[in-house]
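S.K.: This is the structure, below, for whatever I ask next.
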């Protein structure tokens, strides 16, 4: 009942009573927080939770996300005993069916890493599939895969169970209470305003689902999500259909089928979705169903009739159209919001909210309690989004595609097509003219590869060699043997300046940045556990000015991370200058010769050693030339004030003609860097990995004074490491490596490939992966093993390398 | 046996009704439309008659906006043969009286043996259209029908009345109106939903059915809504507590007496 | 010419119903405001004994059309007679009661005279001597003010919306000759209960209603309670769908719309379609074992108890207090 005696203070305020909010309350109280209140604008679950299908799938794109999803299959069945509220959870298992050979290859790979991630999944025959799901037709199917431990649950009941658990431990819930404002003081949240009064608090957690964006605006932060229509239909009971059967997922048909007591509930994820709520969510939205849409229904009807012939005569008891929130990249948004302290978010569940709520609630509770989630969750971290992504039109156009991502063909390097282009570098048109095929990353259009004849610069995906394989090879070899140029303007650049800049950065970086002007330092930035918050280059460009370059994907994260840790009294300021500088990289044994034609500056090894930077003449411009390489060759990264870029580009292209300069795209950059062992943050090194484990101990300087993570690293050094990042090359020249392929040592699965590509110079695929041995890991132990990598169900012999398989001593950059 | 069913599209019970900017009609944005339940029974009964007779046509007729096409499709998916929507900008101003006139005009050129309608629509509870249409077409009208049987050109119906039921009979063509208890409407099957895509939904304007636009418009309204407001929302009252049911009963009776709800 | 109000008072074997007196009272009030007269119209058989009763509720004239042939209600016949009466007497306002028969005549009359009609009105006001009716729409969610065009302005009242006010007058009784016609509808059989025993749901001042928790057709507990309170027994859609109670007992958007003084919902969850049927009740008491039931969000008094334990306790209490 409505009893609006709101407290005037609460330690933690959760906004939103859907399943995510309920789970967050549950987990916070489980960790011992009792002063937790949840404010729900209408009734618990009345936004999206009530209309969900309730499927709980475990397998995700990496170990940590899979653990997050798996947790739901462990928690939900236990809730009834704990709280007395039945969730309706049943372990039904799931059956994925493949209509095409490519889909089968995708799922074979999936079965491979599923096993490595601790999820049971195996291929079954079509006959077995029919036996598992009586009434299902396997006509036209190529294969099927079974996951015995997936389940389904009743969404509202599960949310009720979670909130009951929270209430039992002291949490309070106030329904019919809208939040109208979020208060801040000194860059941290300090309270919320509601129609019934204000509440001061220490933490605010935005679990407001579709309203998440509005709530975000109250705190001046960007929560880029957008609602879209999602539908499912329920039939009346059908003869021959079991009461319980494994959830059938027909990705190619874009439809899922759930057992509903003898009836079938089916819905799906269409390729082109209908965004909703462009003018905002109506004020009295509560358990509201949206108008029928036969066009949308048709997609699932057609698949349904194919997959379950008895559906033809089945009566449709109810078709439910509801609104759900989707994010630009179809992954949730969780974590502490950048720029504001103690404001957390758990929103944008992309229609997997029921399955995700358990893990998300737990992660948020950990985040609040200790400052980080127990397992790194970068794929769903809210800091991967950029402020510009709150643009309404952008979100509207993105969501048209976002919905379908879940069921699309998940090829490596799958491309996004809507809401493009957003950000283009100054030389974009020139690249296009030269036959660039562009890929989009974090809004940036980046040349992925070039078709020099400019005929068909379009990605045609494959699990094997895609249509750009040869072009990538040519670009790759140009960098190894001649001279190549690529545009990495999308790299994020910051300037940290002020009299205290050095001190601040020394504290944050594990490497020694107290270097002379013009010195480039490659350094990790570690967390208190000694794990990689990021790795980047720090270059002193003036007495109290440092130029930091980091990857495009972590632009917001890294900036926020540093900014928060600049002490209030310090005279050190960080500025994002990403759009102020274009970056062109000139790499290859002939790079010096090309540059020499454009400048009189001394480019010799003595005058301009590796890892130094200086302003030089180039053409008519004065860019910063950083002698550093991400591709393992002689070369310079040129940081050119944006408006000078086209001139510099043209000058380099002209000068490079005689050396056969080749424009190179991101695909080749990736295969080049992998071949020579350069790590990529997020794939190969994460906040849960420390420099010793990553084989990057050289980048840490223990003698320079204290830095974040120093203690933890020293302890680790004492204990010795039990994991180590190494490299693999395949013995066969055809098989492709991408990511997640299981690594076997002496016949036992040990881990998965973190990133892989084709090493054109080596003539085979090359990949990185962690080996682990709880008894301690040594070079001998590593080298003494017999290795195989499982790719699409086949075991391929592989060779392990302690150092990069190409130029292991790193000499080529220093010529 | 040609049967015409009169149908109205109404907002779903759980739909959020918002008053439109003109303050005299509702906003139709994002409204979930459904078929008026009594009309759904009418469709069901028509289908049963057709199935029993083994032949015939079921035509569903509605007056409304383009959104009604979706509801007509649902009805076609139940098994009706044809759908007709009368839609016209001049019908922006509409009331049950105008609706009945339009329906009668539309039916002038449609052959029917029987018309089935819902006795009322749950959005406006006017109870008007079936009476008026029967009158305009000069055919007998039987309301509140909970059972019907057709034999040799006559229709016999059981009607519910205030204190029981009556069995009445009249000659076809006639118009009957449905009441709860007549049948449980079937759900569309998936195959029928697919088949329905090929069935025809005709959209006709006023001039298509021989009516002149001058006779319509805001001045033609016989009942005019001059204002719409939200009904006061009932707020939750109090929960009656007590150790035993006896205690609670005592409290309740006391409260009700104090409020003079019971004497 | 004074403005005149006319009221069609439905007459049955049990005489006049409560809604006839409610309608007369409101008719009288409007006539007073217009400085006009109130005429009651009675059509039926054996009506003369009861007709005089209408004089107690403000009738200036009572027009009686009495004939054995008019014993059974027939919309066509009754409307024809009323059309003649209206044409001769030219009232400005013509009101009807709440029953289905009232609505049948009102709507047919309006059609024949090409006039407007508003049903289920819960309030009337006069604007420049023209009637403006207030009624609910969309399952009770909205309240509409309706202007009825033409003369007479025709409207049907809603049950329990108008107070019954005594106003004894000297009344003129006028007999009207019926023009009888042959009905196109033949009555074959009737299965009727005596009207005395029936408390029509839509007119009841107290309703005790049962839902899913009743578990079966045995509503005897609720009948006992209703009896003690002088009310009727209703049912939710679930109870009717299960076949426990007849359709005519259903309260809800696709059942009857009621507005009693007291509505006791026993074991009813209270979904929106039920609220649409009883939301204008003056007082709602909800008894349900589930404290999360939606009905508690709008009931005036809520009791979280098993119906089969709570209702007997209420019955006992009422008996104890001497009902």
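Chains as they are written, first to last, in my numbering: chain U, 290 to 1104; chain L, 5 to 267; chain C, 121 to 443. In this text, a Cβ means the ideal position worked out from N, Cα and C, and glycines have one as well.
1. Looking at C-beta atoms only, is the number of pairs between the region 1079–1099 of chain U and the region 1016–1030 of chain U that lie closer than 8 Å three or more?
2. Please list, in chain order, the chain C residues whose beta carbon lies closer than 9 Å to that of residue 127(L).
3. Closer than 8 Å is the cut-off here; do at least three beta carbon pairs connect the region 741–748 of chain U with the region 822–835 of chain U?
4. Helix, strand or coil: which one does DSSP assign to residue 999(U)?
5. Can a CB atom of chain U be found closer than 8 Å to the CB of residue 8(L)?
6. Could you confirm whether any beta carbon from chain L is found closer than 8 Å to the beta carbon of residue 365(C)?
7. Within this structure, are the beta carbons of residue 329(C) and residue 388(C) separated by less than 8 Å?
8. Which residue or residues does DSSP assign as beta-bridge partners of residue 353(C)?
9. For residue 493(U), tell me which candidate among 990(U), 668(U) and 305(U) has the shortest Cα-Cα distance.
10. Cα separation between residue 1105(U) and residue 139(L)?
11. Check whether the Cβ of residue 244(L) lies closer than 8 Å to any Cβ atom in chain C.
12. Residue 74(L) versus chain U: which residues are under 7 Å apart at the beta carbon?
13. If you measure between the beta carbons of residue 97(C) and residue 253(L), is that distance less than 8 Å?
14. According to DSSP, simplified to helix, strand and coil, what is residue 290(U)?
15. Just reading off the alpha helix (DSSP H) that residue 865(U) is part of, what are its end residues?
16. Have a look at 130(C), 284(C), 205(C) and 420(C) and flag the residue whose alpha-carbon is nearest the alpha-carbon of residue 221(C).
17. Give every residue of the same chain whose Cβ lies closer than 8 Å to the Cβ of residue 935(U), excluding the five residues on either side of it in the sequence, and list them in chain order.
18. Over the uninterrupted alpha helix (DSSP H) stretch that includes residue 196(C), give me the two end residues.
19. Do residue 604(U) and residue 483(U) count as a contact pair if the criterion is CB distance below 8 Å?
20. Residue 15(L) touches chain C at which residues, Cβ-Cβ below 7 Å?
21. Here's a check: name, in chain order, each residue in its chain whose Cβ is nearer than 8 Å to the Cβ of residue 591(U), leaving out the five neighbours to either side.
22. Check whether chain A comes within 8 Å of residue 193(L), counting only Cβ atoms and requiring the distance to be less than that.
23. Going by DSSP in three states, residue 1(L) sits in which element: helix, strand or coil?
24. Should residue 1103(U) go down as buried or exposed, given a rule of 16 or more other Cβ atoms within 10 Å for buried?
25. With a CB to CB cut of under 8 Å and the five nearest residues on each side skipped, what residues in its chain are close to residue 433(U)?
26. Might you give, ordered along the chain, the residues of its own chain that have their beta carbon closer than 8 Å to the beta carbon of residue 94(L), omitting 5 neighbours on each side?
27. Express the C-alpha separation of residue 471(U) and residue 1099(U) in angstroms, rounding to a whole number.
28. For residue 731(U), which residues of its own chain have a beta-carbon under 6 Å away from its beta-carbon, when the five flanking residues on both sides are left out?
29. How far does the alpha helix (DSSP H) with residue 503(U) in it reach, from first residue to last?
30. Against chain U, does residue 203(L) count as a neighbour if the rule is that its beta carbon must be under 8 Å from one of theirs?
31. Would you give the residue range spanned by the alpha helix (DSSP H) that residue 193(L) belongs to?
32. Below 7 Å on C-beta distance, what does residue 203(C) contact in chain L?
33. What are the boundary residues of the alpha helix (DSSP H) that includes residue 73(L)?
34. Starting from residue 245(C), trace the alpha helix (DSSP H) in both directions and tell me its first and last residue.
35. Should residue 192(L) be labelled buried (16 or more other beta-carbon atoms within 10 Å of its own) or exposed?
36. Just by C-beta distance, which residues in the region 35–60 of chain L are closer than 8 Å to chain U?
M.R.: Here's the rundown:
1. yes
2. 257, 258 and 259
3. no
4. helix
5. no
6. no
7. yes
8. 328(C)
9. 305(U)
10. Absent from the structure is residue 1105(U), since the part of chain U shown begins at 290 and ends at 1104.
11. yes
12. 581 and 583
13. Outside the displayed range of chain C (121 to 443) lies residue 97(C), so it cannot be described from this structure.
14. Any answer about residue 290(U) is weak, because its pLDDT of 38 lies below 50 and its placement is not dependable; what the coordinates show is given next. Reduced to three states, the DSSP call for residue 290(U) is coil.
15. Not the alpha helix (DSSP H): residue 865(U) falls in the beta strand (DSSP E), residues 862–865.
16. 130(C)
17. 715, 716 and 719
18. 195–209
19. no
20. 258
21. 542
22. Judged by its chain identifiers, the structure shown contains no chain A, and its protein chains are U, L and C.
23. Nothing about residue 1(L) can be read from this structure; chain L reaches only from 5 to 267.
24. exposed
25. 384, 385, 386, 387, 412, 413, 414, 415, 417, 418 and 427
26. 210, 217, 220 and 221
27. 52 Å
28. 841 and 842
29. 501–507
30. no
31. No alpha helix (DSSP H) holds residue 193(L); DSSP gives it neither H nor E.
32. Result: empty, since nearest Cβ-Cβ is about 12 Å, beyond 7 Å.
33. 72–82
34. Premise fails: residue 245(C) lies in the beta strand (DSSP E), 237–247, not in any alpha helix (DSSP H).
35. buried
36. 35, 36 and 37
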